[in-house]
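Below is one structure, written out as structure tokens; the observations come after it.
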Amino acid sequence: MSVAQILQPAGLPAGSLIGLGTALGIGLLIGLERERRKDRARAEGGGRGFAGIRSFAMAALAGAVAQLLGVALAVVGALLVGALVVAAYVRSTDADPGVTTEIALFATYLLGLLAVPQPALAAGLGVAVALLLASREMLHRFTTRTLAAHEVRDGLLLAAAVLIVLPLTPDAPIAALGGINPRSLWRLAVLLMLLQAAGYVALRLMGAQRGLALAGLASGFVSSTATVASMGRKARDSAQAGSAAAKSLERAALAGALASCVATPLQLLALTLAVAPALFSSYLPVAAAAAVAAALLAFWAVRGAGTRGPDANCEAQAVEPEVFNARHAVLFALLLAGITVLVGLASRYLGSTGTALASLLAGFADFHAAAGGVMSLQQSGAIPAHQAHVAVWLAFTANALAKVGVAWVAGPRRYGQAMTAALGLTLGVVWLAVSLT
15 MSVAQILQPA GLPAGSLIGL GTALGIGLLI GLERERRKDR ARAEGGGRGF
65 AGIRSFAMAA LAGAVAQLLG VALAVVGALL VGALVVAAYV RSTDADPGVT
115 TEIALFATYL LGLLAVPQPA LAAGLGVAVA LLLASREMLH RFTTRTLAAH
165 EVRDGLLLAA AVLIVLPLTP DAPIAALGGI NPRSLWRLAV LLMLLQAAGY
215 VALRLMGAQR GLALAGLASG FVSSTATVAS MGRKARDSAQ AGSAAAKSLE
265 RAALAGALAS CVATPLQLLA LTLAVAPALF SSYLPVAAAA AVAAALLAFW
315 AVRGAGTRGP DANCEAQAVE PEVFNARHAV LFALLLAGIT VLVGLASRYL
365 GSTGTALASL LAGFADFHAA AGGVMSLQQS GAIPAHQAHV AVWLAFTANA
415 LAKVGVAWVA GPRRYGQAMT AALGLTLGVV WLAVSLT
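Be aware that the sequence shown starts at 15, since it is given in the working numbering, and climbs by one per residue.
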């Protein structure tokens, strides 16, 4: 007689003992956590409590046995456990009775039902339930003390953008929009919102007191040009103070501006994955070279900043107060649509010269929108690969020139000189990489 035959009693479905054992383990695991919780409540002067380790173990086993004996018994068991849960809640003497334990008991019964046909899935869900129950204090602290009201609001808005709006957006090119796919445009808007949210989370976790370089990198995913302007204002204020600490902060502002320039090629790569994944490898070498060059320059500025001085805990002006800016994301998608049509018309009527000129002008307004429009045309075959690459990096050049102009207007003379030299070096690296690829 084989081991499987020994472990499988006659007349029972295959795997029934495994299911029963899994159900018992689930009940004991969840019951252990609830028993400890009940003991703590009793020590704090609470009542006897509802359901402990034995109740949860028996509920899970009852579910597994009911699954083996038939659907009718499983329904009767669910009604019985549900009635016990309602009765326990009604009879509770607490001023503010919760329903966590009652719901957990009913969930344990359902997991017992699931353990017979799907023991692995039931075991995983049982562990998840136990973790949720054990994380009570941490979750309460996170929701009431860590999260702000606007963060909850923006998180729900982002979830709606991904789970509701995106599936409902038409997924086909529209001739009236120059062959643009609306879902691809909205996917780009969602991508931008996610990048902004990621930068916001990084700042919340690390804190602005870690330095303006982190703030610049995070807000660079929102708008690198706006970050250069914001850091320029910080540098101008520091330069007017004239103290040693202010001079150090001026250098830190320069580091933040340069760090925001690291985000530009990284966001281009993310944009490539969203718009034209097949083109990712062709843009990777030049974008990586640009990111490395900007990162080295930012590191040089951070090293030169030294200590952060008394203003170390200041709020980084480059960071938006929202988790993300939905209006900016939608405008980005609309701008991308317009630029795609513009570049397409220029390519059709003016050839390669028109494509390069349109991309150069569009890059002054928004590099990523210009690049996304060019890559969309490249993927559709409207323009050749070499022409598209030149157009994208011309837009990058125009965007760098716009940052230089902003740096001179917003910041002091030293800030403008440093940004001019740094972005000039970055452009030299970019065009060297373009010539080699």
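All C-beta atoms in this analysis are idealised placements derived from N, C-alpha and C, irrespective of residue type, glycine included.
For residue i, is the classification buried or exposed, using 16 other Cβ atoms within 10 angstroms of its Cβ as the cut-off for buried?
{"i": "Glu151", "result": "exposed"}
{"i": "Thr451", "result": "exposed"}
{"i": "Ala129", "result": "buried"}
{"i": "Gly230", "result": "buried"}
{"i": "Ser449", "result": "exposed"}
{"i": "Val316", "result": "buried"}
{"i": "Val100", "result": "exposed"}
{"i": "Thr114", "result": "exposed"}
{"i": "Gln431", "result": "exposed"}
{"i": "Asp53", "result": "exposed"}
{"i": "Phe156", "result": "exposed"}
{"i": "Leu268", "result": "buried"}
{"i": "Ala134", "result": "exposed"}
{"i": "His403", "result": "buried"}
{"i": "Val444", "result": "buried"}
{"i": "Leu282", "result": "buried"}
{"i": "Lys248", "result": "buried"}
{"i": "Thr158", "result": "exposed"}
{"i": "Ala173", "result": "exposed"}
{"i": "Ser274", "result": "buried"}
{"i": "Val236", "result": "buried"}
{"i": "Leu285", "result": "buried"}
{"i": "Gly395", "result": "exposed"}
{"i": "Gly442", "result": "exposed"}
With DSSP run on the structure shown, which of helix, strand or coil describes residue i?
{"i": "Pro398", "result": "coil"}
{"i": "Gly438", "result": "helix"}
{"i": "Asp168", "result": "helix"}
{"i": "Thr321", "result": "The predicted model places Thr321 with a pLDDT of 47, which falls under 50 and marks its position as unreliable; any figure quoted below should be read in that light. In this structure, Thr321 counts as coil in the three-state DSSP scheme."}
{"i": "Ala273", "result": "helix"}
{"i": "Ser149", "result": "coil"}
{"i": "Ala162", "result": "coil"}
{"i": "Asp185", "result": "coil"}
{"i": "Pro299", "result": "helix"}
{"i": "Pro196", "result": "helix"}
{"i": "Gly425", "result": "coil"}
{"i": "Gln393", "result": "helix"}
{"i": "Ala136", "result": "helix"}
{"i": "Ala174", "result": "helix"}
{"i": "Ala290", "result": "coil"}
{"i": "Thr451", "result": "coil"}
{"i": "Arg105", "result": "coil"}
What are the start and end residues of the alpha helix (DSSP H) that includes residue i?
{"i": "Gln81", "result": "Ile67 to Leu83"}
{"i": "Phe156", "result": "Segment: none, Phe156 is in no alpha helix (DSSP H) and carries neither H nor E."}
{"i": "Gly453", "result": "Past the boundaries of the shown model lies residue 453; the chain is included only from 15 to 451, so the question cannot be answered."}
Cutting at 7 Å between CB atoms, please list the residues of its own chain near residue i, excluding the five before and the five after it.
{"i": "Val176", "result": "Val204"}
{"i": "Phe70", "result": "Gly41, Ile44, Gly45, Arg48, Leu119 and Thr122"}
{"i": "Leu87", "result": "Ala80"}
{"i": "Leu272", "result": "Ala308, Leu311, Ala312, Ala315 and Ala436"}
{"i": "Thr36", "result": "Ala129, Pro133, Ala136 and Ala137"}
{"i": "Val143", "result": "Ile44, Ala118 and Ala121"}
{"i": "Leu293", "result": "Thr286, Met389, Gln392 and Gln393"}
Throw me the rounded Cβ distance for the residue i and residue j pair, which I believe falls under 8 Å.
{"i": "Leu311", "j": "Ala232", "result": "The pair is not a contact, with the Cβ atoms about 18 Å apart (cut-off 8 Å)."}
{"i": "Gly138", "j": "Ala74", "result": "15 Å between Cβ atoms; not a contact."}
{"i": "Gly438", "j": "Gly246", "result": "Rounded, the Cβ-Cβ distance is 17 Å, inconsistent with contact."}
{"i": "Ala447", "j": "Pro279", "result": "Ala447 to Pro279, Cβ: 11 Å. No contact."}
{"i": "Leu182", "j": "Ala340", "result": "Leu182 to Ala340, Cβ: 17 Å. No contact."}
{"i": "Ser30", "j": "Leu82", "result": "6 Å"}
Can you tell me whether residue i sits near the ligand SAM, meaning its C-beta is under 6 Å from at least one heavy atom of the ligand?
{"i": "Leu124", "result": "Looking for the ligand SAM in the displayed structure turns up nothing, as the structure carries no ligands at all."}
Looking only at its chain, what residues have a beta carbon closer than 6 Å to the beta carbon of residue i, apart from the 5 residues adjacent to it on each side?
{"i": "Pro184", "result": "Pro196"}
{"i": "Val179", "result": "none"}
{"i": "Leu34", "result": "Ala78"}
Only counting the same chain, and skipping five residues up and downstream in sequence, which positions put a Cβ closer than 8 Å to that of residue i?
{"i": "Thr239", "result": "Asn413, Ala416, Lys417 and Val420"}
{"i": "Arg68", "result": "Gly45"}
{"i": "Leu12", "result": "Look at the range of the chain in this structure, 15 to 451, and you will see that residue 12 is not part of it."}
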